[in-house]
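Reading the sequence shown from the start, the letters are residues 594 to 1687 in our numbering.
Even glycine gets a Cβ: it sits at the ideal position worked out from N, Cα and C.
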Amino acid sequence: LAVFGGKAVRLVRLYVDLQHRNKPHFEMRSPLMELQDWILDVRWLSGDSHSLLCVAVAHNTSLLLDVTSGDVVVRRSCAEGCLLYSALLLVHESWADTVLIGGTVFNQLILWKPGGGDGRSTSVDKAPVDRRLLGHNGVIFSICYLQDEGWLASASDDRSVRVWDVGVLGGHGGKCGHSNPSCLRVLYGHQARVFSVCLSRDKVFSAGEDGACLIWEVGGGKAVRKLKGHRAGGVRALAVSEGAADGERWVATGGADGAVRLWAVGGREERKEGTEEELTGRLSDLGFSGRGVPKLVRRATHEDAPASWSQSKFVVCTDQGTVYQYSDRRWEVVWQASPEFQSYCVMETVTAAEVCLCAVGSLSGLIQVFPLSRPDGGSLLRGGSGKVHSLIWQKAVHSVYLLASAAEGHVYRWSVKVALDAKGFPSLHVDALPTFLLPPCAKRWLTAAVCLRSTPHGVLWVCGDRRGSLLLFEEGSPQAQEAAGGANACEAALQPLSCLFGVHGKQGVTSVCEHRGLLYSTGRDGCVRVFRVRPGPGGDKAGLQLEVLRFQRACKGMEWLERVLILETEIWEQEEEEEEVEREARFVIAGFQAVHFVVWDPVRQERLLAVPCGGGHRSWSLWPPHRGVWPGYGVLVFIKQGAVLASHPPAEALSSGEMGRSEGWSLREGVHGRGIGCVCRLGRITPVGRVGNSVEAREEPRDEGPWEVVVTGGDDTSLTVLALLPSCGRVRVLSVITDHISSVRALTTVTRVEEAGEHPLLSALLVSAGGRAQVQCYRLLVSAHGNRRVPTCQVVQVAGHRLDQQWERRRNRHKTVKMDPETRRVGADKVEMYMSAVVLDGNSDCHLLALACSDGALRLFSVSEGKRQIDLLWENFHHQRCVLSVAACSLEDGTGSSVFTRVHPSISISLRYTLLFSAATDGKIAVWDLTEASSVSAITKNAPVPSAPCLSVPAHQSGINSLAAWVDKQGSGCQVTVASGGDDGQLTVSVIKVQFPKEPTTGGSRESSQISGCPSPQQQPFQPSRLVFHLNSQHRVPTAHAAPLTSLKLLRPGLVVSTSADQRVCLWEVGSAGVRQIGSLCSHVADAAGLAVW
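Here's what the structure looks like:
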């Protein structure tokens, strides 16, 4: 293989090792051959024994490269010396037959022959342009040629794909096709630039910056399928396999997020109609012909039934209380309501023992429950004397529960069991259960409920109400519940054990579900909340409470959320696991965005389904009927203007297997859709045990070695938790966090390793900061189980902070900062951005956080995990310009003895000196003594902080992007070494001498302060003695990098690693004699912005 990129090309041999399960291997067959220009296309000369390569480069030049020696044999340029954005080489047996098609910076396609067509042209002669194609309004990014049809396709910056009839190109003699080529089709369908295009006989495949791959019909010029599966940033690479006899082919896409996805594209007749519906948004009317106006629609298909649209069933309730069933494309009357149900009714369905049950509630409190197959065999229930606000079915092991929310907050409950007689007719057995009593509020009725498995505490219920609250109820032990049965069970109403009042806002909770020990709730506030039931501080059953772990926002404008759907792949993984593990599932969100019903993937940040239904406030049902699971496709059935509509035509052949996977298969997971601004390592975790005994587990060997867990933050406003396997370079995405509203620029963490039973647990407090002066704090719990191939990560949101509210109270506070030309702007609106973060000393619950901000401020925060809040303690505008980086270190008294000082009643701490280093765009490093602030930050917000730095060190001529500091003890004092890297590409090492004070200013000797009682803070405040700083020496490496040094990390004291936009990673040894480079390597990462080393 000839692999090329940038300005280099290399030969790689691909072979299959038959002794190791036919595993493919790569072998480097040549050194890296670097050219002087950007390579756009490379082709082998077919008439040569694979020793000559034709190369097209960006300055409209073609080369003939001898791969054996690495020398350029022939170089020829075009007479039109313009810059090319794309090129396509058509080669035959010799250099004279070669034809080059280039997409110029002037929005044109030009065709010329590097060999001149007669073989007599020399490198000095410039080849003329033989053909010129005009029509695009933007630069051309991709070119594809189909020889059988004589068609040429081009993808452009103008969001279009053009198909040209150019005739025969290349071949023997280097043919140039028609003298007057024409444009056959102009295809518009992408929402942004089109990066890549491929041609087949009847289809055009295009991929663009909008993240979509479109499949077009050449004849009709219409898009017949849309493939979306990448995160933000677009699809950059596209490959299409050769089509089989039935039209089956594979499409592979590579995105800016680093992901590779595979798609199965079926035969043209089978999918043409359905996939066109997906793009055009056409709806199908199910032709309701009953009396009255449809008001409610629910599915009536068993969840385990074959997922075929032709076998699907739905029930509709009209404004006259009549229930109709849709089956085999016909509507039939199932149940005719009595007068009590005709003015108002609510309806819900459920499947129990392969029998579909329907419940209808009335305005007078009556509830009719009946099987759809035998409506006359139902039961009439009484749910109070007033309006039945809602009905909820909940499935159990041997029965189903029915909940009816009535007046004054009463929730009536029944257990319904279905039995079949000898003739197969269903009969119902209904038992009343204790009622629930909702807390007093204006909108006091139930909207969602889920029954948890029986626990030592009894049967637990988690409910959501119209006021937006989440409630926890307990029924008691199963034995007590069975003994209580009958009418006596309804005498006492159950009160909630725990209440998260109004957690989803005033618009209410829409759904609650449970999966693998965690609960998921949705509401009309645009958020999904992940929470759990846990014992309170006392540990007894009365102390059970609900704890929100984190919340997940949907896309912009999607405020009305309806439910969470677990991905089908999560269900498959659960079946392979031997033990129940509490972990967060991968889910998608269903809800309404403007006039569309949308299924949104929060990880890939894309819409998986969009149906123009008109918006919320309507009844709907989603097919297929798998409860709470998203299989990768779906059809929405809903009511609009008195009609029952479906988002997909009810074709007889349409089934789950024929619809295909809308998201494709992931060959390699994506990380970020845009640039990655920072990276932070959490630690190492090693799985204990072995993989289970499933067939899949035996076929694939288990990954060996420990996993490294890192977190990345990007310009796509997301955080990604990754597990890396250094032994083979494998990367797995554990979690994606999307709480930031702007790009993430800084990460810092405090990590510890714990034991969770038999499995190790990596627990990390992660702080992320970025644009809009936003700070987020999370607790990450990463566990490794032997029966899973990769670790799992549970994200717990601790707190967040933004300066907007404080600036609103103190208007124009930030405008007091004096800005100069060196100050870096983050945007046109001068929005502040945190550039760097570091955690200072703190106890297990409260930490001190220092942040560098682009508005010229150095800010100090306290992060309290117990209180779940972040407070601003101090800000200082000493630098008067953009602060780019911060670092910290701690010192102890050089004498070796500890100094104890009373800072609060019953609290004594060992005196440690905390130093903070900050650097800005002026190239100076400021040294701050934050000992007093760090010692009392956990107790009070009024922490004593310095008004000016203790020392200012000039280090660079321009901005300092990164700092690394460490301590070397020496006698009664110590020296602190600070390494810095800046925009000037220079590495500077500053050695600062620190002199400890002889005696603390609190009075008395060290010994007496440990023995005698110390005065209270009110009598004598905590005032440690001042440290004395002075610059001891400074070493510089002016040309450490050929570009701005963007990141500098400490590997161990005296050993630092640096990286830069010059794509080099350098290892430096810092000693008393100076700085010495001991290693360097080239990285494939262009414009490196962050670094993590271990």
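Beta bridge pairing from DSSP links G695 with A680, I703. By DSSP's assignment, T1581 forms a beta bridge with S1573, R1629.
Short of 8 Å from the beta carbon of H895, and not among the five residues preceding or following it, lie these beta carbons of its own chain, in chain order: T944, E947, C949, P1218. In this structure, V1479 lies away from S1447, with their beta-carbon atoms at least 8 Å apart. Nearest C-alpha to A1450 among Y1506, D1434, T1514: T1514. Fully enclosed beta strand (DSSP E) runs of no fewer than 3 residues occupy 1427-1432, 1439-1446, 1451-1457, 1462-1469 of the segment 1420-1476, in order along the chain. With contacts defined as CB atoms closer than 8 Å, S998 and W1038 qualify as a contacting pair. In this structure, the CA atom of I1232 is about 42 Å from the CA atom of L777. With respect to V1302, T1313 sits apart: the two C-beta atoms are not nearer than 8 Å.
The Cβ neighbour count for D1522, taken over all protein chains shown within 10 Å, is at least 16; the residue is labelled buried. In this structure, DSSP gives G970 a helical state, which the three-state scheme calls helix. With contacts defined as CB atoms closer than 8 Å, H991 and K1016 fail to qualify as a contacting pair. According to the DSSP assignment, D758 belongs to the beta strand (DSSP E) that extends over 753-758. Cβ-Cβ distances below 7 Å link D1434 to L1441, S1483, R1505, T1507, S1527 in the same chain, with the five nearest sequence neighbours on each side left out; the list follows chain order. Distances from the CA of G1363 to each of L1355, C1386, F1589, G1307 were compared; the closest alpha carbon is that of G1307. For H1352, the enclosing beta strand (DSSP E) covers residues 1352-1363. If you look at G1664, you'll find it in the beta strand (DSSP E) that goes 1657-1664. Under the 10 Å beta carbon count, E1068 is surrounded by 16 or more other beta carbons and is classified as buried.
Taking the Cα positions, L611 is about 14 Å away from F619. Secondary structure of F934 (DSSP, three-state): helix. T1305 has V1272, T1313 as its beta-bridge partners, per DSSP.
For G708, the three-state secondary structure derived from DSSP is coil. For a cut-off of 8 Å, the C-beta gap from P1089 to F1066 is around 6 Å, short enough to register as a contact. Looking at the backbone, the Cα of L1030 and that of G1119 are separated by about 27 Å. In this structure W856 is buried. Its beta-carbon is surrounded by 16 or more other beta-carbon atoms within 10 angstroms.
If you ignore the 5 residues before and after G731, its C-beta comes within less than 7 Å of the C-beta of N700, S749, D750, D751, all in its own chain and listed in chain order. Exposure of P932 is indicated by the presence of fewer than 16 other C-beta atoms within 10 angstroms of its C-beta. By the neighbour-count criterion, in which 16 or more other beta carbons inside 10 Å mark a residue as buried, V1621 falls on the exposed side. Bounds of the beta strand (DSSP E) holding K796 are 796-801.
In the structure shown, E742 adopts coil according to DSSP, grouped into three states. Contact check for R854 against L604 fails: the beta carbons are separated by 8 Å or more. One Cα belongs to G763, the other to D803, and the distance between them is close to 34 Å. A direct Cα-Cα distance of roughly 25 Å separates W631 from C769. Residue state for Q1367 is assigned as strand, using DSSP reduced to three classes.
Closest by C-alpha distance to W1223, out of L1238, R1200, I1159, is I1159.
The residue from C671, I1671, G976, L1580 with its alpha-carbon nearest to that of Y1005 is G976.
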